[in-house]
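Asker: I'd like to ask you about the structure that follows.
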Amino acid sequence: MVTTWTTAAWFLPFVIPIAIWVSWSDMSTMKIPNKAVLALLIVFAVLGLIALPFADYLWRWAHFAVVLVITFLLNLVRVMGAGDAKFAAAMAPFIALSDWYPFMFLLGITIIAAFIIHRTAKATAIRGMVPQWESWTRKEFPMGMALAPSLVFYFLIAFFQG
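When you line the sequence shown up against numbering that gives the first Met the number 0, it's residues 0 to 161, in that order.
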C-alpha cells in the first residue's frame with residue numbers, strides 16, 4: 000500500500016470514533032448522519048494538509064468528486080442508500096489512487112464479514128441487547144457497518160506495514 004504508517008497515524012485517532020459513530024448509527028437507525036460525513040471530510044481537510052504532500056492532498060479532493068458522482072448515480076438506481084453514497088465519497092480522499100484495487104478488495108471482504116456478523120447477531124440473543132435497532136427488521140443491510148470499518152482497516156494495515 001502507498002499510504003504510509005505516518006499518514007495512517009495522523010488519521011486513525013480521528014477516523015476510529017467517526018467509524019464507530021457511523022456503524023452504530025446505521026445499525027440502529029439505518030441512516031448515516033450528515034454530521035458524521037461532514038466530520039470525516041473535516042478530518043481530511045485539516046489533517047490532510049499535515050499528513051500528505053500538498054499536491055497529493057489537492058488531487059485527493061478529485062477522489063471525493065468522482066466517488067460522489069458514481070455513488071450518486073448508484074443511489075438513483077437504488078443500488079445504495081444516500082447516506083452510504085455520501086459517506087463513501089467522504090472516505091475517498093483518504094485512499095491513495097494506487098491503493099484503489101487493494102482497498103476495493105478489503106472493502107469486499109469487510110462487506111462479507113459485516114453481513115455475516117449482522118445476520119448472525121440478528122438471529123441470536125445479541126439482538127435482544129438492542130431490540131430497538133431498525134436494522135433487525137429491515138431487509139436492507141446497514142452498509143455503514145462495512146464502509147466505516149474498511150477505512151479503519153485500511154489505515155491499520157498501512158500503520159502496521161510501516
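Beta carbons are placed, not taken as given, at the ideal position from N, Cα and C, and that holds for glycine.
#1: Residues in its own chain within less than 6 Å of residue 132 by CB, not counting five upstream and five downstream?
#2: Could you tell me the distance, in whole angstroms, from the CA atom of residue 64 to the CA atom of residue 84?
#3: Which class does residue 31 belong to by DSSP, given the choice of helix, strand or coil?
#4: Please look up how many angstroms separate the CB atoms of residue 29 and residue 141, rounded, as I've assumed it's under 8 Å.
#5: Any idea if residue 75 is buried or exposed, counting beta-carbon neighbours within 10 angstroms, 16 or more meaning buried?
#6: When the Cα of residue 103 is compared with those of 139, 116, 150 and 128, which residue comes out closest?
#7: Apply the 10 Å Cβ neighbour rule to residue 123 and answer buried if 16 or more other Cβ atoms are within range, or exposed otherwise.
#8: For residue 154 and residue 126, what's the separation of their Cα atoms in angstroms?
#9: Mind checking whether residue 145 and residue 110 have CB atoms under 8 Å apart?
#10: For residue 61, tell me which candidate among 5, 82 and 94 has the shortest Cα-Cα distance.
#11: Starting from residue 160, follow the alpha helix (DSSP H) in both directions and report where the run begins and ends.
Answerer: Considering the structure as presented:
#1: Translated into positions along the sequence shown, residue 132 becomes position 133. Around residue 132: 26 and 27.
#2: Taking the sequence shown and counting its residues from 1, one reaches residue 64 at position 65. Taking the sequence shown and counting its residues from 1, one reaches residue 84 at position 85. In a straight line, the C-alpha of residue 64 is about 12 Å away from that of residue 84.
#3: Mapped onto the sequence shown, residue 31 falls at position 32. Three-state result, residue 31: coil.
#4: Taking the sequence shown and counting its residues from 1, the one referred to as residue 29 is at position 30. Taking the sequence shown and counting its residues from 1, the one referred to as residue 141 is at position 142. Contact holds; Cβ gap of about 6 Å.
#5: Counting from one through the sequence shown, the residue named residue 75 turns up at place 76. Exposed, because fewer than 16 other Cβ atoms sit within 10 Å of the Cβ of residue 75.
#6: Taking the first residue of the sequence shown as position 1, residue 103 is located at position 104. Measuring from the Cα of residue 103, the nearest candidate turns out to be 150.
#7: Residue 123 sits at position 124 when you count from the first residue of the sequence shown. With fewer than 16 other CB atoms across the displayed protein chains lying within 10 angstroms of its CB, residue 123 is exposed.
#8: On the sequence shown, position 155 is the one that residue 154 refers to. On the sequence shown, position 127 is the one that residue 126 refers to. The C-alpha of residue 154 lies about 30 Å from the C-alpha of residue 126.
#9: Here residue 145 refers to the residue found at position 146 when the sequence shown is read from its first residue. Here residue 110 refers to the residue found at position 111 when the sequence shown is read from its first residue. Yes, the Cβ-Cβ distance between residue 145 and residue 110 is below 8 Å.
#10: Translated into positions along the sequence shown, residue 61 becomes position 62. If you compare the alpha carbons of 5, 82 and 94 with that of residue 61, the shortest gap goes to 94.
#11: Here residue 160 refers to the residue found at position 161 of the sequence shown. Residue 160 -> alpha helix (DSSP H) spans 143-160.
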